[in-house]
Amino acid sequence: MPEGKQPVMPFSASLSRRLEEASARIKSHKGQVRIVSHYDPDGIGAAAVICQMVRRLGLNFRATLSKNLTDEMLAEIRSGTPEEQMIIFTDMGSAKISILDDFPHSVIIIDHHQPESEGKKVIHLNPHLFGMDGGREASGSSFALSLAITVDPTNWDMIGPALAGAVGDRQSLGGFTGYNEDLVIAGTKAGLLKVEMLPNIKGGTIYDSLIESPEPYFKGITGRKREASRFIKWMDMEKEAKISDLNDEKRRFFNSICTLRLLRQGATPEAVGDFITTRCWINGWNMYADELSSLFNSCSRQGEQTLGLALALGDAAARQRAIELEKAHREFILTNLRELEAEPPKAMENIQYFMNPEVNYAGALAGLGALYFLDTSKATIGMAEKDGTIHVSARAPRALVKRGLNLGAACKEAAEKLDGAGGGHDIAAGATFPLKSQNKFLKEMDRIVGEQLAAK
Ligand SMILES: [Mn+2]
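In the working numbering, the protein residues as written are 29 to 484.
Here's what the structure looks like:
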């Protein structure tokens, strides 16, 4: 970091106090640190930020990335971790405060999901406790950076993974706001980042992006060689054209044509608005935050979250391997989105649902489908079966959330009635329950979502 350009964050007094308390606790800690994080991109980013922070203090650490934090897992962590070790939970833990408060260990929780309570003994860092919207303005990884830079400003160099995680939780849609935006502003002033307004075209040429990138998803074009070539030709452009090759007039034309196509296919306003998007170039990574995020994502979707963590901590071989995994990941998503286009989800009154054989992909498919081409008046439910259990990923356009939809609450209520479990954010949530209860679950979800939408 250039001398004298230390970034400054406008933390509130109460957040500053909590950060100082956590920082002092970590700095005075002597033994090993156990880090337990969510396995998704935000969890990987958060774990990386905290691992680096702990490593710089000269402390040994062990990191575990897991899909969820069940009571059984908590019991295992409690008994399997020597009491003199400190345990830091990231991107999870806020829903289990009463159990964690009872741990004999020194426990710090950095999470942005709705907290169960503030807690007494644990140090609890959650944006919701400091007047911020944890669904939108701060993610597990971006909030973890607040602690890391309080402990040691050198950790500002972890802003790449921190923002990549926030992108993974879709907090960059429509531009970063609140705390995340403060991070970006501070990082830009310090020369760590560059913010650009660009069409969301990934990789080299426009053609490559249409063929290889599931996002933005153009109905009838994305992932199809012949149709993509025809589209490019129709716009009177060369197949080799890159965004940077286009003059202003051409670029405006390209932007408006793409925007119109998205509108016509019924994409959500957030997807259309996000076509021209604010992208954060991370100097230290030589890539955009969204590109790093999609590397994390492909690692976690393919059960290689540890590889994602190694990548986030700067391992070059891990980076190469992650790039290869991502290619396979994109191909799978593209094939399945095309199938969703050909065979749309089954519609009920307030929800639409589909099955996919891959447990780890139902969420991505539901999310992209809901954003780009599915019925925007219904919540989308992606389901996958594994070992007799149905895994649900529910997604919805922001407009439905504004009308009162809360998928986290709906998933929790519906699943708990059926001996399952569920929860999450208003806009994106999940649930698991026994296979035999599938129809009952869908009926319940349809009813609850209908009531939520009618109530407001
Ligand atoms: Mn998260």
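From the three backbone atoms N, C-alpha and C, an ideal C-beta is built for every residue, glycine too.
Beta-bridge partners of E224, as assigned by DSSP
According to DSSP, E224 shares a beta bridge with R307.
Leaving out the 5 sequence neighbours to the left and right, which residues in its chain are closer than 7 angstroms to Y381 when beta-carbon positions are compared? Counting only Cβ-Cβ distances below 7 angstroms, and skipping sequence neighbours, we find P373, K374, I409, M411 and L470.
Q) For K414, does the count of other Cβ atoms within 10 angstroms reach 16, so buried, or fall short, so exposed? A) The residue is exposed, with fewer than 16 neighbouring Cβ atoms inside 10 Å.
| Secondary structure of Q466, DSSP reduced to three states | Under the three-state reduction of DSSP output, Q466 falls in the helix class.
task = Taking S94 as part of the beta strand (DSSP E), name the residues at either end of that continuous run.
result = Counting along the chain, the beta strand (DSSP E) containing S94 begins and ends at F89 to S94.
* Check whether the Cβ of S322 sits closer than 6 angstroms to any heavy atom of ligand 2, and report yes or no. => Questions concerning ligand 2 fall outside what the structure shown contains, since the ligands it does hold are ligand 1.
For this session: Give a yes or no on contact between the stretch 166 to 180 and the stretch 216 to 228, applying the rule of three or more CB pairs nearer than 8 angstroms.
Result: Segments in contact, no.
ask   = So is the beta-carbon of D161 under 6 angstroms away from any non-hydrogen atom of ligand 1?
value = Not so, every heavy atom of ligand 1 lies at least 6 angstroms from the Cβ.
Can you give me the start and stop residues for the beta strand (DSSP E) that S134 sits inside? Looking at the DSSP string, the run of the beta strand (DSSP E) that includes S134 is S134 to I138.
Review point. Would you say Q293 faces chain B, with C-beta separation under 7 angstroms as the test?
Key: Here there is only one protein chain, and chain B is not present.
ask   = What residue range is occupied by the uninterrupted beta strand (DSSP E) comprising V61?
value = According to the DSSP assignment, V61 belongs to the beta strand (DSSP E) that extends over V61 to H66.
- prompt: To the nearest angstrom, how far is it from the Cα of L396 to the Cα of A483?
  reply: Computed Cα separation, rounded: 27 angstroms.
Report task. Could you check the C-alpha separation between V77 and R254 for me, to the nearest Å? Result -> In this model, V77 and R254 are separated by some 43 angstroms (Cα to Cα).
Worksheet entry | Given A407 as reference, the closest of E479, A338, Q348 and R289 once Cα atoms are compared | Put simply, of E479, A338, Q348 and R289 the residue whose alpha carbon is nearest the alpha carbon of A407 is E479.
task = Answer yes or no: do G203 and T306 have a C-beta to C-beta separation smaller than 7 angstroms?
result = Between G203 and T306, the CB-CB gap stays under 7 angstroms.
Note to self: Nearest by alpha-carbon distance to L226: which of K217, S322, D276 and F246 is it?
What the structure shows: Out of K217, S322, D276 and F246, D276 has the C-alpha closest to the C-alpha of L226.
Can you look up T118 in the DSSP assignment and give me helix, strand or coil? T118 falls in the strand class under three-state DSSP.
Please say whether S122 and D99 have beta carbons closer to each other than 7 angstroms?
Taking 7 angstroms as the Cβ cut-off, D99 and S122 do not qualify as a contacting pair.
Return the Cβ separation of I72 and F324 in integer angstroms, given the expectation that the two are a contact with Cβ distance under 8 angstroms. The pair is a contact, with the Cβ atoms about 5 angstroms apart (cut-off 8 angstroms).
- Task: Return the residue from the list I455, L402, G215 and A442 that minimises the CA-CA distance to A427.
- Result: With respect to the C-alpha of A427, the residue from I455, L402, G215 and A442 having the closest C-alpha is I455.
* Does ligand 1 have even one heavy atom less than 6 angstroms from the beta-carbon of G397? -> No, Cβ of G397 sits at least 6 angstroms from all heavy atoms of ligand 1.
Residue from L128, L173, A344 and P132 whose Cα sits closest to the Cα of H152:
Scanning L128, L173, A344 and P132 for the CA closest to the CA of H152 turns up L128.
Check: In terms of residue numbering, what span does the alpha helix (DSSP H) encompassing H292 cover?
Finding: This sequence places Arg at residue 292; His is not what is there. First-last of the alpha helix (DSSP H) with R292: D276 to R292.
**Asked** Apart from the five residues on each side of it in sequence, which residues of its chain come closer than 7 angstroms, Cβ to Cβ, to L335?
**Response** Same-chain partners within the cutoff: C327, A346, R349 and A350.
On a CA-only basis, which of T109, F281 and S200 is nearest V64? Give me that one, please.
For V64, the nearest C-alpha among the options comes from T109.
Notebook entry, point to check: According to the neighbour-count rule (16 or more other Cβ atoms, all chains shown, within 10 Å of its Cβ), is S42 buried or exposed?
Noted result: With fewer than 16 Cβ atoms within 10 Å of its Cβ, S42 is classed as exposed.
**Q.** Of the residues R431, A91 and N228, the one placed nearest L481, counting alpha carbons only
**A.** If we check each option's Cα against that of L481, R431 comes out closest.
Straight-line Cα distance separating A218 from E31
Only weak support is given to the placement of E31: the predicted model assigns it a pLDDT of 48, under 50, and the value that follows is read from those uncertain coordinates. Computed Cα separation, rounded: 9 angstroms.
**OP:** Excluding the 5 residues preceding and the 5 following K95 in the sequence, name in chain order all residues of the same chain whose CB lies nearer than 8 angstroms to its CB.
**Re:** Taken in chain order, the residues that qualify are H66 and Y67.
- Give the straight-line distance between the Cα atoms of V36 and A74, rounded to the nearest whole angstrom. If I take the Cα positions, the gap works out to 20 angstroms.
inquiry  = For the beta strand (DSSP E) containing V420, name the first residue and the last one.
reply    = In this chain, the beta strand (DSSP E) harbouring V420 covers T417 to R423.
Residue environment, K148, which counts as buried when at least 16 other CB atoms sit within 10 Å: K148 is exposed by the Cβ-count criterion.
Helix, strand or coil at I151 [DSSP, three-state] = In the structure shown, I151 falls within a strand segment according to DSSP collapsed to helix, strand and coil.
As a quick exercise: from S134, A340, E332 and S237, pick the residue whose alpha carbon is nearest that of Q60. Per the Cα distances, S134.
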